[in-house]
Amino acid sequence: MKPFTRLESRLVPLPIDNVDTDQIIPARFLKTISKEGLGSQLFCDWRYDAEGRPKPDFILNQPRAKGAEILLVGDNFGCGSSREHAPWALTQFGFRAVIGTSFADIFRQNSLKNSLLPVTVPREVHADLFALAPDATVAIDLASQTLALPGGRTVEFPIDPFAKHCLLNGIDELGYIRQQEDAIAAFEARSGCVVNTLG
Amino acid sequence: MPSTIIDKVWSAHVVSEQPGAPALLYIDLHLVHEVTSPQAFDGLRNRGLAVRRPEHTFATADHSVPTTDRSLPIVDPIAARQVAQLETNCREFGIPCHSMASQLQGIVHVIGPELGLTQPGMTLVCGDSHTATHGAFGALAFGIGTSEVEQVLATQCLLQKKSKSYRVEVTGQLHPSVTAKDIILALIAKIGAGGGTGCIFEYCGPAIRALSMDERMTICNMSIEAGARAGMIAPDDTTYEYMYGRPFAPQGEEWDRALARWRRLPSDEGAAYDKEVSIDAAALEPMVTFGTSPGMGIPISGLVPDPAGVADPMERESIAKALRYMNLEPGKPLAGHAIDVVFIGSCTNGRISDLRAAASVLKGRHVAPGLRVLVVPGSHDAKRQAEAEGLDVIFLAAGAEWREPGCSMCLAMNGDQLEPGQYGVATSNRNFEGRQGKGGRTILASPLTAAASAITGVVTDPRRFA
Numbered sequence: 210m211k212p213f214t215r216l217e218s219r220l221v222p223l224p225i226d227n228v229d230t231d232q233i234i235p236a237r238f239l240k241t242i243s244k245e246g247l248g249s250q251l252f253c254d255w256r257y258d259a260e261g262r263p264k265p266d267f268i269l270n271q272p273r274a275k276g277a278e279i280l281l282v283g284d285n286f287g288c289g290s291s292r293e294h295a296p297w298a299l300t301q302f303g304f305r306a307v308i309g310t311s312f313a314d315i316f317r318q319n320s321l322k323n324s325l326l327p328v329t330v331p332r333e334v335h336a337d338l339f340a341l342a343p344d345a346t347v348a349i350d351l352a353s354q355t356l357a358l359p360g361g362r363t364v365e366f367p368i369d370p371f372a373k374h375c376l377l378n379g380i381d382e383l384g385y386i387r388q389q390e391d392a393i394a395a396f397e398a399r400s401g402c403v404v405n406t407l408g
Numbered sequence: 012m013p014s015t016i017i018d019k020v021w022s023a024h025v026v027s028e029q030p031g032a033p034a035l036l037y038i039d040l041h042l043v044h045e046v047t048s049p050q051a052f053d054g055l056r057n058r059g060l061a062v063r064r065p066e067h068t069f070a071t072a073d074h075s076v077p078t079t080d081r082s083l084p085i086v087d088p089i090a091a092r093q094v095a096q097l098e099t100n101c102r103e104f105g106i107p108c109h110s111m112a113s114q115l116q117g118i119v120h121v122i123g124p125e126l127g128l129t130q131p132g133m134t135l136v137c138g139d140s141h142t143a144t145h146g147a148f149g150a151l152a153f154g155i156g157t158s159e160v161e162q163v164l165a166t167q168c169l170l171q172k173k174s175k176s177y178r179v180e181v182t183g184q185l186h187p188s189v190t191a192k193d194i195i196l197a198l199i200a201k202i203g204a205g206g207g208t209g210c211i212f213e214y215c216g217p218a219i220r221a222l223s224m225d226e227r228m229t230i231c232n233m234s235i236e237a238g239a240r241a242g243m244i245a246p247d248d249t250t251y252e253y254m255y256g257r258p259f260a261p262q263g264e265e266w267d268r269a270l271a272r273w274r275r276l277p278s279d280e281g282a283a284y285d286k287e288v289s290i291d292a293a294a295l296e297p298m299v300t301f302g303t304s305p306g307m308g309i310p311i312s313g314l315v316p317d318p319a320g321v322a323d324p325m326e327r328e329s330i331a332k333a334l335r336y337m338n339l340e341p342g343k344p345l346a347g348h349a350i351d352v353v354f355i356g357s358c359t360n361g362r363i364s365d366l367r368a369a370a371s372v373l374k375g376r377h378v379a380p381g382l383r384v385l386v387v388p389g390s391h392d393a394k395r396q397a398e399a400e401g402l403d404v405i406f407l408a409a410g411a412e413w414r415e416p417g418c419s420m421c422l423a424m425n426g427d428q429l430e431p432g433q434y435g436v437a438t439s440n441r442n443f444e445g446r447q448g449k450g451g452r453t454i455l456a457s458p459l460t461a462a463a464s465a466i467t468g469v470v471t472d473p474r475r476f477a
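From first to last, the protein sequence lines are chains R and G.
Count along the first sequence from 1, add 209, and you get the number used in our numbering.
Count along the second sequence from 1, add 11, and you get the number used in our numbering.
Take a look at the structure:
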């Protein structure tokens with residue numbers, strides 16, 4: 210996994226609550242067997258018209274989105290399906306962080322495994338972020354868990370300490386779990402699971 | 012200290028707890044399907060890893076499969092490649108796979124319980140958010156992403172932080188024609204699409220105890236639509252009667268030992284919960300959704316809400332946006348609104364009792380002229396049982412389509428879809444924009460409401476046909 214330490218970027222505002230993963234990446238693109246090629250399909254049905262042309266009024270098609278690496282969203286972002294294709298599509302488009310008031314549990318877990326940082330901020334900070342000028346930048350520093358707004362104001366954001374450690378150091382969870390092989394084998398020896406799908 | 016069922020299942024599966032890290036949780040059963048697994052198998056190959064416990068893993072193809080004649084090849088080459096990849100991966104890694112040709116094939120959350128794979132007290136995961144369904148048996152069951160699918164394939168474990176406990180008590184008794192689907196739609200409308208985030212629900216109370224296993228699965232299935240990763244119901248005699256004799260359920264002395272274990276699972280008297288909510292089943296009507304989030308639900312006699320009355324600006328805009336998408340007017344009833352399609356099926360309502368409910372309304376009647384009605388059983392088992400009872404004849408005589416098992420129009424990956432602008436009454440779980448086809452407009456409802464609406468061609472209160 211790519212490490213995440215600091216990020217300074219403009220914001221791409223998407224002021225909608227309950228944005229579900231079917232909007233982030235519609236199900237018809239889930240027939241792929243690869244992780245790649247999803248960035249162009251991000252928010253596909255909001256982004257393109259019936260003929261596949263970019264809709265000029267959608268934020269991702271506007272100049273301010275170009276090169277921006279932080280998506281600013283509403284409540285409960287990433288709700289719905291467990292598809293990891295959602296963070297794959299977001300990161301392949303170029304996003305490295307999403308700032309909102311709350312995130313769906315599975316989306317948050319999937320994002321953390323793909324170096325996409327979900328940043329939860331209080332409502333008043335959230336409103337201030339939406340009020341920023343289009344060219345304003347904010348800075349995220351993961352080590353200090355702070356978000357710096359223009360004008361010198363900084364706010365702290367919460368993150369699970371283990372997820373933070375993994376992100377800062379680019380640690381892959383599977384490698385970490387595999388180091389506990391002895392504990393897993395011991396658990397299997399003492400616990401009795403009766404299901405056997407082979408027989 | 013008194014414990015909840017959540018505590019009991021959790022603590023029985025903690026492999027280790029290292030300082031500064033989440034608990035390592037053992038997974039008893041891993042269900043796999045074609046959509047969220049190919050990249051996980053690629054990950055195993057890249058790392059040179061095997062599947063640790065193939066006998067704790069079970070695969071089927073459900074999302075991308077056509078629900079038409081199965082003797083024909085899949086027309087969509089991308090879907091065909093995905094299903095073929097699942098078969099190849101399972102062969103290579105030694106996992107039992109019930110794909111297109113198998114008589115055990117079906118929606119992963121329908122076949123697990125039917126086969127007796129789903130058992131009380133187990134931990135169960137799948138790369139699918141509706142894994143919450145299996146919580147109806149008192150299993151801790153939750154959806155995971157593809158990276159986690161790879162982790163479970165390789166290690167049979169996941170790093171997990173324990174969720175908060177949320178007690179959902181359903182008191183009273185349901186009126187006739189009001190169903191489990193209406194209970195869960197009412198709960199989501201009450202607490203919101205994010206109301207259960209960070210929590211595991213435990214559903215309890217007399218109205219839950221009175222439900223069949225199929226109905227309990229409908230409720231647990233949609234826990235995720237309120238943001239909860241899992242929803243559990245303590246096992247009882249209803250659970251054990253359902254499970255007894257199923258192919259993968261314990262047999263003989265094993266059954267007796269398992270039963271003794273399972274009877275210790277229900278939450279202890281006085282166990283503490285982080286959150287609680289109560290719903291009176293007797294106060295419920297059939298529910299329908301008007302918007303593009305499962306939380307946007309109203310009783311069928313209710314009116315589409317006016318966003319102007321919502322204080323929070325972003326919530327107001329979300330409702331206004333939903334009404335624009337749905338092309339519905341605030342202050343008007345949804346009952347009586349014309350529809351184009353009815354979809355009866357899915358992991359929410361594609362079980363035999365759902366098919367029976369729909370057939371009870373459609374028997375001796377005909378669907379409205381010009382209306383398309385798809386009835387898609389959740390599994391071959393449900394299909395065979397329905398055909399043995401003559402339900403297929405009722406559906407076909409009524410002018411509905413009787414199809415092969417799969418996820419079908421719930422998420423429209425397989426070509427079963429709404430056309431842009433069409434209204435569909437669906438027994439599935441999500442009314443998101445485009446969920447059932449780009450531009451399609453979904454109204455979620457129970458199988459009874461869906462069948463009643465199929466007859467009239469408009470959104471219809473099922474009590475009219477009771």
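All C-beta atoms, glycine included, are put in the ideal place defined by N, C-alpha and C.
Residue interval of the alpha helix (DSSP H) (run including residue i)
{"i": "G/Y284", "result": "That residue, G/Y284, is in no alpha helix (DSSP H); it is neither H nor E in DSSP."}
{"i": "G/I405", "result": "402-409"}
{"i": "G/L366", "result": "363-373"}
{"i": "G/S464", "result": "458-467"}
{"i": "R/L251", "result": "Per DSSP, R/L251 belongs to no alpha helix (DSSP H) and is neither H nor E."}
{"i": "R/E382", "result": "382-387"}
{"i": "R/T300", "result": "294-302"}
For residue i, three-class secondary structure by DSSP
{"i": "G/H44", "result": "coil"}
{"i": "G/K192", "result": "helix"}
{"i": "G/Y214", "result": "strand"}
{"i": "G/M233", "result": "helix"}
{"i": "G/A32", "result": "coil"}
{"i": "G/G154", "result": "strand"}
{"i": "G/S14", "result": "coil"}
{"i": "G/A200", "result": "helix"}
{"i": "R/E260", "result": "coil"}
{"i": "R/A340", "result": "coil"}
{"i": "G/G242", "result": "strand"}
{"i": "G/V163", "result": "helix"}
{"i": "R/P327", "result": "strand"}
{"i": "R/H335", "result": "helix"}
{"i": "G/P344", "result": "strand"}
{"i": "G/R272", "result": "helix"}
{"i": "G/P107", "result": "coil"}
{"i": "G/E180", "result": "strand"}
{"i": "R/M210", "result": "coil"}
{"i": "G/K123", "result": "Before going further, note that residue 123 of chain G is Gly rather than Lys in the sequence given. It is helical."}
{"i": "G/S22", "result": "helix"}
{"i": "G/T99", "result": "helix"}
{"i": "G/S113", "result": "coil"}
Integer Cβ distance of residue i from residue j, believed to fall under 8 Å
{"i": "G/A241", "j": "G/L222", "result": "That pair is no contact at about 18 Å."}
{"i": "R/V228", "j": "R/G303", "result": "That belief does not hold up - the Cβ atoms of R/V228 and R/G303 are roughly 18 Å apart, past 8 Å."}
{"i": "G/E296", "j": "G/V189", "result": "6 Å"}
{"i": "G/I17", "j": "G/S176", "result": "5 Å"}
{"i": "R/L386", "j": "G/L170", "result": "Note on residue identity: the sequence assigns Ile, not Leu, to residue 386 of chain R. R/I386 to G/L170, Cβ: 7 Å. Contact."}
Sequence-distant residues of its chain with Cβ nearer than 6 Å to residue i (five each side left out)
{"i": "G/V436", "result": "I350, V353, I454, A456, A461, S464"}
{"i": "G/H141", "result": "H120, N232, C358"}
{"i": "G/D365", "result": "P458"}
{"i": "R/P296", "result": "N319, S320, N323, L325"}
{"i": "R/P359", "result": "A345"}
Same chain, Cβ closer than 7 Å to residue i, five either side skipped, listed in chain order
{"i": "R/T214", "result": "L351, A352, L377"}
{"i": "G/V378", "result": "V384, A409, G410, A411, A465, I466"}
{"i": "G/P131", "result": "F148, G149, A150, P246, T250, W273, L276"}
{"i": "G/K394", "result": "P388, P416"}
8 Å CB neighbourhood of residue i in its chain, flanking five on each side removed
{"i": "G/V380", "result": "One detail in the question is off: residue 380 of chain G reads as Pro in this sequence, not Val. Once the five neighbours on either side are set aside, the close Cβ partners of G/P380 are G468."}
{"i": "G/G281", "result": "P13"}
{"i": "G/Q167", "result": "Y37, I38, H41, R63, R64, H67"}
Residue span of the beta strand (DSSP E) that contains residue i, given as start and end
{"i": "R/D350", "result": "346-350"}
> Three or more C-beta pairs closer than 8 Å, one from the stretch 367-376 of chain R and one from the stretch 18-27 of chain G: is that the case here?
Replying inline: Taking 8 Å as the limit for Cβ pairs, the verdict is that the stretch 18-27 of chain G does not touch the stretch 367-376 of chain R.
> Does the stretch 415-425 of chain G come within contact of the stretch 435-451 of chain G, defined as at least 3 CB pairs closer than 8 Å?
Replying inline: Contact holds: three or more Cβ-Cβ distances are below 8 Å.
> Contact between the stretch 204-211 of chain G and the stretch 313-320 of chain G: three or more CB pairs below 8 Å?
Replying inline: no
> Contact between the stretch 223-233 of chain G and the stretch 238-253 of chain R: three or more CB pairs below 8 Å?
Replying inline: Taking 8 Å as the limit for Cβ pairs, the verdict is that the stretch 238-253 of chain R does not touch the stretch 223-233 of chain G.
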